[in-house]
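Scroll down for the structure; my scribbles are underneath it.
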Amino acid sequence: MIPNRSTSSLIGSFCGHCGELYPTETFDGGSAPPSNVLQAGDVHVAGTAHRECAARLQLEPPRYCGQCGRRLKVQVSPHAWTASCSRHGTVTS
Amino acid sequence: MTTISPTTEYPILETARQQVLEDGIGLTEAQLLEVLRLPDPAVPAALELAHQVRLKHCGEDVEVEGIISIKTGGCPEDCHFCSQSGLFDSPVRGVWLDIPELVRAAKETAATGATEFCIVAAVRGPDIKLMNQIKFAIDRINEEVDINIACSLGMLTQRQVDQLASWGVHRYNHNLETARSYFPQVVTTHSYEERLETCAMVKEAGMELCCGALIGMGESLEQRAELAAQLAALEPHEVPLNFLNPRPGTPLENQQLMDGKDALRAIAAFRLAMPRTVLRYAGGRELTLGDLGTREGLLGGINAVIVGNYLTTLGRPAAADLTLLVDLNMPIKELQKTL
Ligand code: SF4
Ligand SMILES: [Zn+2]
Ligand SMILES: [Zn+2]
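So the protein sequences, as listed, match chains E and Y. Residue 1 is where the first sequence starts when you use this note's numbering, and the numbers rise one by one after that. Residue 94 is where the second sequence starts when you use this note's numbering, and the numbers rise one by one after that.
Laid out in structure tokens, this is it:
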């Protein structure tokens, strides 16, 4: 499914799963991806601290806005999910 | 190819072959405990027997269902596994679904070949506002979609049971979740008896009872056997089998994921407890069993699936399950409007 890109509430400084601010650590090479950004569906999760969060986001919708860390209003339906931030808009899976 | 050990190596499976497969009588609690304690090498034989029981007593069809939350979060109850309780610091926010969205979801669910669409609300029991919403939703869905409608709205009064039955709700979900002896460790805001009362009223009113289990919450094998026996005694039409997916912020957030082999043993045991019941894969199977386990369960007693997402978490894509059913040569049960 193609996400509605009119907002960027999934991408930003906050983890969509746990709501914490991403650490500023940078990726130190090795066999992991060539940047410090992992992808879980359409949700970008930065840094190694949130790898588990990234894995979780394969099986659940984001709960926190990537831009501001506010809790999202999330509606899950059998074939899609919608997540809304009062400041940064709505994203549909 | 795996070689399955013959059931003759395991006396409880030989007993089950006669008692459950041939005579159609479910195993007792003590017998179920023996199944749950079978060693790993016996699991394929237990699943194979459970599959034969399912084929003989239920047929080869698989019942497909979609579920949706009409009211998410903010529940006043304290079920320790639930991210929708308003009493825990869970990231799930309260939200109501509007009716056009609900109808759209029902249409999409029907398009997968599903015959069941279950409307769920995170409440102790429905108030007038929710009952009115449900009535409105049922009417709109019935106007536009050919699908059986089920509901799961918590504990009901007799009047509410009668209303739902008269509106054509053909099945009502109200889970036992766990064994009576473990229930107080998991829920303190209502009792097991209250759950049983709703289940009894639902059956009495002629609706099909869907009454499920959530295993992997720290209960012992004895309690798992107790739960299967208690469910069997209720004679529900359907048992959805959930595996704990520990939710952030809930008291069970740090509970270890259930071992996959234990989950498979439980699937076989539940089928051997209830030879004729619809046994549905529900939440948590993706984490606990993965793709391979999903297949093993469908060849081990499961004869129904929830397709797509759950209430607050995501499931496998519906297409993955539907393709698997084709691969396994298991036809999807067709719609028979019961009411
Ligand atoms: S009654 Fe249902 S929605 Fe409410 S806390 Fe218990 S399981 Fe969750
Ligand atoms: Zn995180
Ligand atoms: Zn935001």
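Ideal Cβ placement from N, Cα and C applies to all residues, glycine included.
Could you spell out the range, first to last residue, of the alpha helix (DSSP H) harbouring residue i?
| i | result |
| --- | --- |
| residue 235 of chain Y | 221-237 |
| residue 257 of chain Y | 251-259 |
| residue 161 of chain Y | Careful: residue 161 of chain Y lies outside any alpha helix (DSSP H), inside the beta strand (DSSP E) at 156-165. |
| residue 363 of chain Y | 353-366 |
| residue 53 of chain E | 51-56 |
| residue 456 of chain Y | What the structure shows of chain Y is the stretch from 94 to 432, and residue 456 of chain Y is not part of that stretch, so it cannot be assessed. |
| residue 105 of chain Y | 104-109 |
| residue 202 of chain Y | 192-204 |
| residue 124 of chain Y | 122-129 |
When you compare only the Cα positions, how much space is there between residue i and residue j?
| i | j | result |
| --- | --- | --- |
| residue 404 of chain Y | residue 162 of chain Y | 6 Å |
| residue 271 of chain Y | residue 247 of chain Y | 16 Å |
| residue 101 of chain Y | residue 361 of chain Y | 17 Å |
| residue 510 of chain Y | residue 428 of chain Y | Chain Y is shown only over 94 to 432; residue 510 of chain Y falls outside these bounds and no answer can be derived. |
| residue 267 of chain Y | residue 289 of chain Y | 9 Å |
| residue 113 of chain Y | residue 391 of chain Y | 18 Å |
| residue 309 of chain Y | residue 188 of chain Y | 28 Å |
| residue 160 of chain Y | residue 78 of chain E | 6 Å |
| residue 58 of chain E | residue 397 of chain Y | 24 Å |
| residue 117 of chain Y | residue 236 of chain Y | 40 Å |
| residue 372 of chain Y | residue 243 of chain Y | 16 Å |
| residue 228 of chain Y | residue 192 of chain Y | 11 Å |
| residue 365 of chain Y | residue 269 of chain Y | 18 Å |
| residue 81 of chain E | residue 351 of chain Y | 27 Å |
| residue 425 of chain Y | residue 408 of chain Y | 19 Å |
| residue 50 of chain E | residue 11 of chain E | 14 Å |
| residue 93 of chain E | residue 13 of chain E | 20 Å |
| residue 255 of chain Y | residue 298 of chain Y | 7 Å |
| residue 111 of chain Y | residue 142 of chain Y | 11 Å |
| residue 140 of chain Y | residue 358 of chain Y | 8 Å |
| residue 147 of chain Y | residue 153 of chain Y | 8 Å |
| residue 155 of chain Y | residue 316 of chain Y | 28 Å |
| residue 35 of chain E | residue 55 of chain E | Confidence in residue 35 of chain E is poor, its pLDDT being 32 and thus under 50, which makes the residue's placement unreliable; the coordinate value appears in the next sentence. Taking the straight line joining both Cα atoms gives about 17 Å. |
| residue 180 of chain Y | residue 281 of chain Y | 12 Å |
| residue 231 of chain Y | residue 260 of chain Y | 8 Å |
| residue 75 of chain E | residue 406 of chain Y | 10 Å |
| residue 251 of chain Y | residue 394 of chain Y | 34 Å |
| residue 174 of chain Y | residue 342 of chain Y | 10 Å |
| residue 109 of chain Y | residue 178 of chain Y | 40 Å |
| residue 5 of chain E | residue 423 of chain Y | With a pLDDT of 39 at residue 5 of chain E, under the threshold of 50, the modelled position of this residue cannot be trusted; read the value that follows with caution. C-alpha separation (whole angstroms): 39 Å. |
| residue 287 of chain Y | residue 276 of chain Y | 12 Å |
| residue 264 of chain Y | residue 226 of chain Y | 18 Å |
| residue 83 of chain E | residue 182 of chain Y | 19 Å |
| residue 209 of chain Y | residue 401 of chain Y | 13 Å |
| residue 312 of chain Y | residue 274 of chain Y | 9 Å |
| residue 416 of chain Y | residue 60 of chain E | 22 Å |
| residue 367 of chain Y | residue 325 of chain Y | 6 Å |
| residue 71 of chain E | residue 224 of chain Y | 28 Å |
| residue 346 of chain Y | residue 339 of chain Y | 5 Å |
Over what stretch of residues does the beta strand (DSSP E) that includes residue i continue unbroken?
| i | result |
| --- | --- |
| residue 22 of chain E | Careful: residue 22 of chain E lies outside any beta strand (DSSP E) and carries neither H nor E. |
| residue 73 of chain E | 73-77 |
| residue 331 of chain Y | 331-336 |
| residue 147 of chain Y | That residue, residue 147 of chain Y, is in no beta strand (DSSP E); its alpha helix (DSSP H) goes 136-150. |
| residue 213 of chain Y | 209-214 |
| residue 91 of chain E | 89-92 |
| residue 175 of chain Y | It is not in any beta strand (DSSP E) - residue 175 of chain Y carries neither H nor E in the DSSP assignment. |
| residue 242 of chain Y | 241-245 |
| residue 266 of chain Y | 264-266 |
| residue 343 of chain Y | Segment: none, residue 343 of chain Y is in no beta strand (DSSP E) and carries neither H nor E. |
| residue 84 of chain E | 80-85 |
For residue i, go through chain A and note every residue whose CB falls closer than 7 Å to its CB, in chain order.
| i | result |
| --- | --- |
| residue 245 of chain Y | Within the model displayed, chain A is absent; protein chains E and Y are what it includes. |
message: Just to be sure I understand the criterion: a residue counts if its Cβ is closer than 5 Å to at least one heavy atom of ligand 1. Which residues meet that?
response: Y:168, Y:170, Y:172, Y:175, Y:177, Y:178, Y:215
- request: Quick one: residues with CB closer than 5 Å to any heavy atom of ligand 2, in chain order, please.
  value: E:15, E:17, E:18, E:50, E:53
task: Note down, one range per segment and in chain order, each alpha helix (DSSP H) of at least 4 residues found wholly within the stretch 269-315 of chain Y.
output: 276-279, 285-297
field: the stretch 294-309 of chain Y / the stretch 324-340 of chain Y touching (three or more Cβ pairs under 8 Å)
entry: yes
- prompt: Within the chosen definition, does the stretch 378-394 of chain Y reach the stretch 311-327 of chain Y through at least 3 CB pairs nearer than 8 Å?
  reply: no
- request: Jot down the residue ranges of each uninterrupted beta strand (DSSP E) in the stretch 371-402 of chain Y, minimum 3 residues, whole runs only, in chain order.
  value: 371-374, 397-399
Sufficient close CB pairs (3 or more, under 8 Å) joining the stretch 11-20 of chain E to the stretch 51-68 of chain E: yes
field: Inter-stretch contact at 8 Å, needing at least 3 Cβ pairs: the stretch 209-222 of chain Y / the stretch 162-174 of chain Y
entry: yes
- prompt: Does the stretch 115-131 of chain Y come close enough to the stretch 84-92 of chain E to have 3 or more Cβ pairs within less than 8 Å?
  reply: no
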